[in-house]
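Undergrad: First the structure, which I've put down as structure tokens, then a few questions once you've had a look.
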Ligand code: 5AD
Ligand code: SF4
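Numbering (the working numbering), first residue to last: 5 to 455.
Take a look at the structure:
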């Protein structure tokens, strides 16, 4: 029998990207191979995000396109997985009656069985129940032969209930994955030649809390740091309130923990932070930044910021800009507040006018662009360590890679450099990348155990 073909379209964050990798792995076992496009597929999965209204709307436009495809290809099965599926469940079938599958965040492991059920019965299958534990957390994924980097899920769900955020309602309670299970996966990745792992979770700093603190995140980092072959470790996302001194010490002491942290601040105003239920003040945040830089002077700090949260006055907003001036982030992902059904912020007064939100966002992004460009300019003339992860999108005479601080560097070089760590002198700085020249005599050295 010919192999069935699968196409996955992913929206949203790195967690979702990795969930899609896990789905692909599961479906490989069930006899599916990857299709180049939805047109060539027997099964299309849309892995969805509903963190903001815009993300959700993108999902609906995509589904509109697949509806047309199904008209010309009636045997095609179409499924929606992830957050939008979790949020709307059965109701999604009213909007999109052509769907065969609606699979929520806790039931991804059931996808193969659901596909078969939908085929047999000719009726859509909806699975959105929350479960005590989430089996898909541990689906190991082996990246394609030759992959340099891999994601590893270490926890899922979130117990923080930030007032703007829908994640705790859609991904459920915080659950950490077993310590040994994670280490086994990292060892398997290293054996396959992976050099860099990124540990994933909504709030990785709280790792281990759900099983009584027997293992902390810092312990996990140190254990992964001892796996031979893993030259670079990254993690995302961190909550400032859970960034302990123990974790900060890892940046000082671990050679293979990259000098980069994503630490969402959301706002620089204490009133707004309290209304957001973030449980830290701007002073607490600045203190964490100071300690991080004390431990690791070169550390790149990136953040998420929301403008126009209910009640945010011009003064509150100015405090966010002040905080940005004090911290000088490497990059900021900034968003207009988007009201999400079911969250605490829905009930808050002081809604900010959409035009005002737009103005604040544009101004804030312009400030951040200046800071990012300044950071990049300061690297010109310096030599950095780059892990090469592919050829350039624009020309096959160039390769591309990332510095330890997670900045993209392009430079002249051949495919043989992929997977190698080389020293590169930065010669030009742009807003989204750097241009470099590989140092003479750098044939590249495998792994990256030295700084
Ligand atoms: N509106 C705008 N931005 C949001 N984020 C989460 N929920 C919302 C919302 N309702 C942002 C936060 C978070 C990032 C992943 O998305 O900044 O850190
Ligand atoms: Fe959402 Fe807050 Fe949890 Fe992050 S920590 S996922 S922003 S509730």
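Even for Gly, the Cβ is constructed at its ideal location relative to N, Cα and C.
With DSSP collapsed to three states, give me the class of residue 211.
TA: Start at 1 with the first residue of the chain shown, and residue 211 comes out as number 207. In the structure shown, residue 211 sits in coil (DSSP, three-state: anything other than H, G, I, E or B).
Undergrad: Could you check what DSSP says for residue 338 in three-state terms: helix, strand or coil?
TA: In the chain shown, residue 338 corresponds to position 334, counting from 1. Reduced to three states, the DSSP call for residue 338 is strand.
Undergrad: Hey, out of 132, 272, 149, whose CA is closest to residue 196's CA?
TA: Start at 1 with the first residue of the chain shown, and residue 196 comes out as number 192. Measuring from the Cα of residue 196, the nearest candidate turns out to be 149.
Undergrad: Just to confirm the assignment, what range does the beta strand (DSSP E) spanning residue 106 have?
TA: To locate residue 106, count along the chain shown from 1; it is residue 102. Element bounds for residue 106: 105-107.
Undergrad: Applying the criterion that 16 or more other CB atoms from any shown protein chain within 10 Å of the CB defines a buried residue, is residue 165 buried or exposed?
TA: As a first step, residue 165 is located in the chain shown; it is residue number 161 there, counting from the start. Its Cβ having fewer than 16 others within 10 Å, residue 165 is exposed.
Undergrad: Applying the criterion that 16 or more other CB atoms from any shown protein chain within 10 Å of the CB defines a buried residue, is residue 139 buried or exposed?
TA: Within the chain shown, residue 139 is the residue found at index 135, counting from 1. Exposed, because fewer than 16 other Cβ atoms sit within 10 Å of the Cβ of residue 139.
Undergrad: Does the Cβ of residue 164 lie closer than 6 Å to at least one heavy atom of the ligand SF4?
TA: If you number the chain shown from 1, residue 164 lands on position 160. Yes, the Cβ of residue 164 comes within 6 Å of a heavy atom of the ligand SF4.
Undergrad: Leaving out five residues before and five after residue 244 in sequence, what residues of the same chain have Cβ atoms less than 8 Å from its Cβ?
TA: As a first step, residue 244 must be located in the chain shown, where it is residue number 240. Within the same chain, residue 244 has close Cβ partners 267, 268, 269, 282, 284, 288, 289, 292.
Undergrad: In this structure, does DSSP put residue 82 in helix, strand or coil?
TA: Along the chain shown, one-based indexing puts residue 82 at 78. In this structure, residue 82 counts as strand in the three-state DSSP scheme.
Undergrad: Looking at residue 295: is its Cβ nearer than 7 Å to the Cβ of residue 252?
TA: Indexing the chain shown from 1 puts residue 295 at position 291. Indexing the chain shown from 1 puts residue 252 at position 248. For residue 295 and residue 252, yes; Cβs fall inside 7 Å.
Undergrad: Can you tell me which of the three DSSP states residue 21 falls into?
TA: The sequence position of residue 21 within the chain shown is 17, counting from 1. If DSSP states are grouped into helix, strand and coil, residue 21 belongs with the helices.
Undergrad: Measure the Cβ-Cβ separation of residue 435 and residue 376 and say whether it is below 7 Å.
TA: Taking the first residue of the chain shown as position 1, residue 435 is located at position 431. Taking the first residue of the chain shown as position 1, residue 376 is located at position 372. In this structure, residue 376 lies closer than 7 Å to residue 435 by Cβ.
Undergrad: Can you list the residues near the ligand 5AD, meaning Cβ strictly closer than 6 Å to any non-hydrogen atom, in the order they appear in the chain?
TA: The answer, residue by residue, is 55, 56, 168, 169, 268, 270, 308, 310, 339, 341, 342, 344.
Undergrad: Which parts of the segment 225-263 are runs of the beta strand (DSSP E), unbroken and 3 residues or longer, counting only runs that do not cross its ends?
TA: 236-240, all fully within the segment 225-263.
Undergrad: From residue 453 to residue 260, what distance separates their C-alpha atoms?
TA: Within the chain shown, residue 453 is the residue found at index 449, counting from 1. Within the chain shown, residue 260 is the residue found at index 256, counting from 1. With a pLDDT of only 37 at residue 453, under 50, the local geometry of the prediction cannot be trusted, and no value is derived from it.
Undergrad: Does the segment 407-425 come close enough to the segment 388-398 to have 3 or more Cβ pairs within less than 8 Å?
TA: Yes, the segment 407-425 is in contact with the segment 388-398.
Undergrad: Pairing CB atoms from the segment 303-320 with CB atoms from the segment 415-430, are three or more of them under 8 Å?
TA: Verdict: no, contact absent.
Undergrad: Would you mind working out which of 18, 361, 83, 29 sits nearest residue 100, comparing C-alpha positions?
TA: Residue mapping note: residue 100 aligns to position 96 of the chain shown, counting from 1. Residue 100 has its Cα closest to that of 83, out of 18, 361, 83, 29.
Undergrad: For the segment 84-93 against the segment 156-176, do three or more pairs of beta-carbon atoms, one drawn from each stretch, fall closer than 8 Å, so that the two count as touching?
TA: Yes: the two stretches touch, three or more of their Cβ pairs being nearer than 8 Å.
Undergrad: Taking the alpha-carbon of residue 8 as reference, which of 29, 18, 46 has the nearest alpha-carbon?
TA: For the purposes of this step, residue 8 is identified with residue 4 of the chain shown, where counting begins at 1. Comparing Cα-Cα distances from residue 8 to each of 29, 18, 46, the minimum goes to 46.
Undergrad: Closer than 6 Å to a non-hydrogen atom of the ligand SF4 - does that hold for the CB of residue 198?
TA: Position 194 of the chain shown, counting from 1, holds the residue named residue 198. Result no, Cβ not under 6 Å from the ligand SF4.
Undergrad: What would DSSP say about residue 198, mapped onto helix, strand or coil?
TA: For the purposes of this step, residue 198 is identified with residue 194 of the chain shown, where counting begins at 1. Three-state result, residue 198: coil.
Undergrad: Is residue 171 near the ligand SF4, going by C-beta to nearest heavy atom under 6 Å?
TA: Here residue 171 corresponds to residue number 167 of the chain shown, with the count starting at 1. Yes, the Cβ of residue 171 comes within 6 Å of a heavy atom of the ligand SF4.
Undergrad: Just checking, does the segment 153-162 make contact with the segment 28-47 on the three C-beta pairs under 8 Å criterion?
TA: Flag = no, the segment 153-162 and the segment 28-47 do not touch.
Undergrad: Identify the continuous beta strand (DSSP E) that holds residue 153 and give its terminal residues.
TA: The sequence position of residue 153 within the chain shown is 149, counting from 1. Unbroken beta strand (DSSP E) run through residue 153: 153-157.
Undergrad: In whole angstroms, what is the alpha-carbon distance linking residue 110 and residue 104?
TA: As a working note, residue 110 is residue 106 in the chain shown. As a working note, residue 104 is residue 100 in the chain shown. Straight-line Cα distance between these residues: approximately 18 Å.
Undergrad: For the putative contact between residue 273 and residue 323, defined by C-beta atoms under 8 Å, what is the C-beta separation to the nearest angstrom?
TA: Translated into positions along the chain shown, residue 273 becomes position 269. Translated into positions along the chain shown, residue 323 becomes position 319. Indeed they touch by this definition, with Cβ atoms about 4 Å apart.
Undergrad: Just to check, is the beta-carbon of residue 206 closer than 6 Å to a non-hydrogen atom of the ligand SF4?
TA: Locating residue 206 in the chain shown gives position 202, where the first residue counts as 1. Yes, the Cβ of residue 206 comes within 6 Å of a heavy atom of the ligand SF4.
Undergrad: Would you tell me roughly how many angstroms separate the C-alpha atoms of residue 203 and residue 400, rounded to the nearest one?
TA: For the purposes of this step, residue 203 is taken as residue 199 along the chain shown, with counting starting at 1. For the purposes of this step, residue 400 is taken as residue 396 along the chain shown, with counting starting at 1. Their Cα atoms are separated by approximately 30 Å.
Undergrad: Within the same chain, show all residues whose beta-carbon is closer than 7 Å to that of residue 181, passing over the 5 residues directly before and after it, in chain order.
TA: Mapped onto the chain shown, residue 181 falls at position 177. The residues are 141, 142, 157, 158, 159.
Undergrad: So, at 7 Å on beta carbons, what are the nonlocal neighbours of residue 22 in its own chain, with the 5 sequence-adjacent residues on each side left out?
TA: Here residue 22 refers to the residue found at position 18 when the chain shown is read from its first residue. So the list reads 155, 157, 204, once near-sequence residues are dropped.
Undergrad: Shorter than 6 Å, the distance from the beta carbon of residue 243 to the closest heavy atom of the ligand SF4, or not?
TA: Taking the chain shown and counting its residues from 1, the one referred to as residue 243 is at position 239. Residue 243 Cβ: within cutoff of the ligand SF4.
Undergrad: Compute the Euclidean distance between the alpha carbons of residue 380 and residue 132, then round it to the nearest angstrom.
TA: By 1-based counting over the chain shown, the position of residue 380 is 376. By 1-based counting over the chain shown, the position of residue 132 is 128. If you take the alpha carbons of residue 380 and residue 132, they lie about 45 Å apart.
Undergrad: For residue 341, tell me which candidate among 183, 334, 57, 29 has the shortest Cα-Cα distance.
TA: Taking the chain shown and counting its residues from 1, the one referred to as residue 341 is at position 337. Of the candidates 183, 334, 57, 29, the one whose C-alpha sits nearest the C-alpha of residue 341 is 57.
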